[in-house]
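Here is the structure we will look at.
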Amino acid sequence: MTRLDPLPLPPALVSLLLASEDVMFVLNGDGEFEYLNGAAAALLHLEAHEALGRPLERDFPHLLSEQWYTESRHVRATGRAGAYDAFSPAVGGWVRVSLTPHGDSLAVHLRDVSSMKRKAALQQITADLVRASSVPAVLTAALTGAVPVTAATGGVALRLTPGGDALTCATPPCADSPVRLPAGQVPDPLPLGQDHPACEAVRAGQAIFAPDGPHGRVAALPLNVDGRPWGALLLTFGAARAFPPAERQFLLTLTQQCTQALTQLEARRHLEEQAENLATLNRVGQTLAAELDLRKLVQGVTDAGVTLTGAQFGAFFYNLTDRDPDGYRLHVLSGAPHEAFAEFPMPRMTGVFGPTFAGRGVVRAGDITRTGRYGQLGGIPPGHLPVRSYLAVPVTSRSGEVLGALLFGHPDPDVFTDRSEQLAVGLASQTAAALDNARLYQQLQDSHALLETRVDARTRELAEQTVALEAFARFTEAAGTSTDVRTLARQALTVFRRFFAQCSAAYYERSGDHWYAQVWTEDIAPHVVQSITAGVPADAPAFLEAAGTHAPVFVDGWEAGEQQVAATEEYGTVALYPMLVAGEIVGMLAVGLLDTRVWTERDRAVVRAAGRSMNLSLERAEVASQLQTQRDTLQARTQALEAFAELTRDLTLEADPHALIRRAQEIILSLLPDGYALYWEREGDRVHVRTQVGQVGSDDLQRQLDAGLPYRTTLTVRRPFESGEPLYQDEYDRGHDGLQGIVEHISTTASLPVQVDGTVQGVIVVGLFGQRRWNDTDRALLDTVTRSLSLTLEGAQKARALQERTQELERSNGELERFAFAASHDLQEPLRTITSFTELIDRRYGPHLDPQGQRYLGIVTQGARRMKGLIDDLLVFSRLNAVREPLQPLNLSGPLQDALSQLQAAVDDAGAQVTWDALPDVMGIPGELTQLLQNLIGNAVKFRRPDAAPRVHVSATRRGEQWEVRVQDNGIGFEAQYAERVFQLFQRLHLRDQYEGTGMGLAIVRKITEHHGGRIWAESTPGQGSAFTFTLPAQPA
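So for the sequence shown, this note's numbering puts the first residue at 21; every next one is plus one.
Okay, structure coming up:
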């Protein structure tokens, strides 16, 4: 324990105090340390014994707050315990300081209560944010809660300016607010591009914690509303801060709550604004709906617009293009006298006014004098209204007609907001409806006088539309049945003639760098027909645009010279509609009107409808054509394959390749018109006809062909011979082969190389007497025939080679079997002589021989015995190849019992145990199956382990139409790598002095298995035994 004098405390309690995470120490009457635990020593960055005796207030003032001096003296003076909370920079958070006097000594206990403080602060901030009903209230609640709990020296909320290029103070301008920063510490506004933590946090969208730096010790917390940067909270601190993780998490949570509150306020403000806009527009709409006087109506609209948008000036210009194509008339003015515009011309289609009067949308500018639209105006003329903020909205009817424009202005920049624009747009919509109503009312007033005229005009119009619709119906009917492009084009041109009184139309197709008219209406003058059939340059402006955009082009005010279409000066407007099939332009539909220079929306709609219908018809025709081609190709391939299916069935009968080729020629001619087919093969520098089907139509030509032709000059044969590719001649080149004068009756040829194993063996030349273009279907047919012929020839060649090889092997095997059988029999006689005389020597002279002689005699006897075994096995093996007995039904237990009888002595001598399960009925040869089981069980007994009696088990399992028979033993086994080698002739895995045998037993087993149509395999592990499994056919049900 670290103190000046030992305290009378239990050792356990002393250990607990030393190990506590709370800071605890005792000061004597002079304020010097007389005890401190480990946490206190760590706070001082000293060893405990180094701090003993040192005065706290003199040596460690940086650890003390103002409250320490007050509270510690009060406790010493009163002798009563006290406590207070204070922020400790050394601890990095809030601590609760408990003071307990004892005589002259003072016991001090410090506990970290930061977590509790932050939790309480967040609860209070959450409650304040729920009650906050404005942006300043939200920001004040967040900062008021954050500054005390973090012991910040100040805090401020910064918000992006409307331009988004700077931050400005967003907290209430209260000089005595505890959350305000000292004046001048943060510039207002603060450019967003500056190197400041607040700017960096907004730009990066991440909190910035700066323990120290050029801008002091700060925490900058970005605020994002609806996913967009809004501003930041900035806290400053007097002393260096470490910003521990818990404090950072507190500030991030605070930021999230503040962001949520701002988002909710923004949503509430937006809804209220929308409701206010709708209410305002509803009031204005009710007023407009009741007003039918045109001037009063638009004056009321303009006045309301000035009020709603916050403008200083407003004007309504009425569209007079139907009476005067060059201008607009000022109808009403609001916020300034009408004379303010008296000396200035009316607005034209300039960069400022053009988009509005053309109905292309709203134009809003914070300062119209600083935009590119202001252009050549170069400033405001003297006496003109001083406009900088500018808002212009087109007034468009339900039919799409631009009735006029509402223009609003203000001398100051950046006056009009999104809300101003929304209100202006809504007002323009209501104005359009009101203007429509006013015009309808005026028309109603005049309708009595014009009723009969309008009825007559409408009757004529309906009659014209009926005729046009009948034409369109005929076109639709034709489009559904016809696939001819020009027929469809004629029907489409008829539709245009019915719809438009003064109309010409033509259908063009492109060839090279010109468009050529293919079909045109009858009204087109001959000189115009001559011009359009002579070709229009592909780079003619309108044609180039339609081809490049793949969209209709409507040209108002047609100029023949400019458009590079000669003799078309009489047309006022022209429309071009590109015809697309599979993304490629296949034609161009052109429509020209004589009686107008402007395309109306109705007229454009007619062109688009007819163009779309014709385009769909072309696509349908193309799909039908492709499907027909595919059907024809498939049918041709099917015919060829069916014919070759018959040909391949004769493969075993037709051994002669030329006979197969003749059959292929017959198939080709059966699928084509009148002609002939010649098969050529090369011999040296000449080519000769090997097979011919059909007459060539000329005796002279036939004599030339029979004699053969020079290879070098007979190009019809030579080219496919060398390239390996077919040669199709839609029109036969009669000078191709040096046969001029005798081939004039031949029109079309196809030369088809016949390949076998990738080498051209010859060429089939098909000649037709009638004219024919080789289409995709023809080529597919001939390609299928030649490919099938090549495969057939390769198959025949391989079949012949296989047959010859099989015959050679059978002959060789027969000779070997006969040799083995004869040799075995011939060897028996000298072997019996050797054996007999060896036995005679042993009986008569054996007792008189010395040990060396006895050993020699034993070697001779043993060799004769092995020789006999080998000869017997050879006889068995050769007999298996020579004699093929038929399979017969039997139960496998019979051969097993016969095999065990043959092995009885060996089994008894080895002490072996042979067991078996119920064995199945199979198809087999009894003697061979006995030999098979005898060899397998005999091996199991022979190759036994010296430390274990042989155990052999026979079992069987049904596998479909076969039985798997398994012979399992516990013998010496062998490595898996020898599982195949053991079945080979004369193969032994052990020395003869270890295990006797000829090396033929398992070869005989495999041969017997093969005789029965089965197979055999081995599985073994050294020292654990082997398992031999073979298959036998099951008896039929």
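Beta carbons: idealized from backbone N, C-alpha and C, even for Gly.
Between Tyr528 and Ile552, is the Cβ-Cβ spacing less than 9 Å? yes
For Leu130, I'd like the list of residues in its chain whose CB is within less than 6 Å of its CB, leaving aside the five on either flank, ordered along the chain. Val43, Val115, Val117
Quick check: the Cα distance between Glu41 and Val133, rounded to an integer number of angstroms? 13 Å
Give a yes or no on contact between the segment 786–797 and the segment 722–734, applying the rule of three or more CB pairs nearer than 8 Å. no
Start and end of the alpha helix (DSSP H) containing Met44? Run containing Met44: none in the alpha helix (DSSP H); it sits in the beta strand (DSSP E), 43–47.
Quick check: the Cα distance between Gly258 and Leu241, rounded to an integer number of angstroms? 18 Å
Ignore the nearest five residues each way along the sequence and tell me which others in Ala595's own chain have a CB closer than 6 Å to its CB. Phe574, Val611, Val627
For Glu639, I'd like the list of residues in its chain whose CB is within less than 7 Å of its CB, leaving aside the five on either flank, ordered along the chain. Val601
Using the Cβ count rule (16 or more neighbours within 10 Å means buried), how would you classify Ser808? buried
Ends of the alpha helix (DSSP H) at Ile688? 677–690
Residues in the same chain with beta-carbon distance under 6 Å from Leu83, minus the five sequence neighbours each way, listed in chain order, please. Ala110
Which class does Thr733 belong to by DSSP, given the choice of helix, strand or coil? coil
Val942 beta carbon less than 9 Å from that of Gln1055: yes
Determine whether the beta carbon atoms of Glu981 and Pro1053 lie at a separation below 9 Å. yes
In chain order, what residues of the same chain lie with their CB nearer than 7 Å to the CB of Ala195, ignoring the 5 residues before and after it? In this prediction, Ala195 scores a pLDDT of 40, lower than 50, which makes its location untrustworthy; the coordinate-derived value is nonetheless stated afterwards. Contacts found: none.
Beta-carbon within less than 8 Å of Gly225's beta-carbon, same chain only, minus the 5 sequence neighbours each way: which residues are those? Pro242, Asn244, Pro249
Nearest to Gly236 (by Cα), restricted to the options Val206, Thr853, Ala252, Phe436: Val206
Closest by CA to Arg261, which one among Ala239, Leu282, Gln269, Thr273? Ala239
On the DSSP bridge list, what partners appear for Thr768? Leu788
Contiguous alpha helix (DSSP H) assignments of at least 4 residues, all confined to the segment 781–825: none
Using CA coordinates, which residue listed in Arg439, Leu38, Val505, Arg380 is at the minimum distance from Ala331? Arg439
Where does Arg343 sit, in a helix, a strand or coil, going by DSSP? Low local confidence applies: a pLDDT of 48 at Arg343 is under 50, so the model's placement there is unreliable, with the coordinate-based value given in what follows. Arg343: coil per DSSP, three-state reduction.
DSSP-derived helix/strand/coil call for Ile1036: strand
Exposure of Asp989, with buried meaning 16 or more beta-carbon neighbours within 10 Å: buried
Cβ-based burial, Pro909 [other Cβ within 10 Å; buried from 16]: exposed
With DSSP run on the structure shown, which of helix, strand or coil describes Phe80? coil
Looking at the structure shown, is Glu52 part of a helix, part of a strand, or coil, going by DSSP? strand
By how many angstroms is the C-alpha of His122 removed from the C-alpha of Thr102? Just to set this straight, residue 102 is Gly in the shown sequence, not Thr. Looking at the two C-alpha atoms, the distance is approximately 13 Å.
Using DSSP with H/G/I as helix, E/B as strand and the rest coil, what is Asn244? strand
So what does Tyr104 bridge to, in DSSP terms? Val117
Cβ shell of Gly993 (< 7 Å), same chain only, five flanking positions each side left out: Ser1040, Thr1041, Pro1042, Gly1043, Gln1044, Gly1045, Ser1046
Cα separation between Ala448 and Thr322? 10 Å
In angstroms, rounded to a whole number, what distance separates the CA positions of Lys1027 and Ile957? 17 Å
For Trp619, three-class secondary structure by DSSP: coil
Relative to the C-alpha of Glu764, which candidate in Gln144, Tyr752, Gly334 has its C-alpha closest? Tyr752
Note the first and the last residue of the continuous beta strand (DSSP E) segment covering Leu187. 186–189
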